[in-house]
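Those letters in the sequence shown? Residues 0 to 128, by numbering that gives the first Met the number 0. All C-beta atoms in this analysis are idealised placements derived from N, C-alpha and C, irrespective of residue type, glycine included. Owing to the predicted nature of the structure, the values given are computational and were not obtained by experimental measurement. Written below as structure tokens is the structure these notes are about.
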Amino acid sequence: MSEQSLPEAARPDPTGDALPEYAERVLDVAELIPPGRVMTYGDVAEWLETGGPRQVGRVMALYGGAVPWWRVVRADGVLLPGHELRALDHYRAEGTPLKAASRAAEGHLPRLDMRRARWDGGERAQGHI
């Protein structure tokens with residue numbers, strides 16, 4: 000995905016001084032997600048009423064290291080490729096619902112139990128961003 004496909008408010012600041020407004024909003028939502036719960040990239044975009052899953056994913060890839068990135072996930076519950084073990088440590092520590100891995104699953108890693116782990120923003124988290 001190129002930076003041109005991001006909403007203008009999500010494009011990196013060429014001066015490197017400021018976090019784009021859209022990125023700030025995505026990261027604010029990530030910080031609202033309670034321990035043990037998750038939102039999908041699409042959920043975050045829907046909650047913000049702008050952008051889409053790819054834009055949220057791009058923001059998380061560029062800027063998500065300073066927030067609980069493991070709580071913004073793929074809709075299928077597959078752990079973030081390349082970060083599976085770190086994420087799994089966080090999920091286990093927080094008690095995030097997981098589904099046992101099937102024998103066919105690569106690396107036999109569990110998936111998130113999206114039915115139980117998904118957070119809907121409960122009451123729009125008092126003070127919608």
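Counting every other CB atom within 10 Å of its CB across the protein chains shown gives P19 a total of 16 or more, marking it as buried. When the Cα atoms are used, R91 and L111 turn out to be separated by approximately 11 Å.
Between P67 and I32, the beta carbon gap of about 7 Å places them in contact (Cβ cut-off 8 Å). Judged by beta-carbon spacing, A100 lies within the 8 Å limit of P109, meaning their Cβ atoms are closer than that value. In the structure shown, R53 falls within a helical segment according to DSSP collapsed to helix, strand and coil. Along the stretch 41-92, the beta strand (DSSP E) does not occur as any fully enclosed run of 3 or more residues. In this chain, the alpha helix (DSSP H) harbouring D27 covers 20-31.
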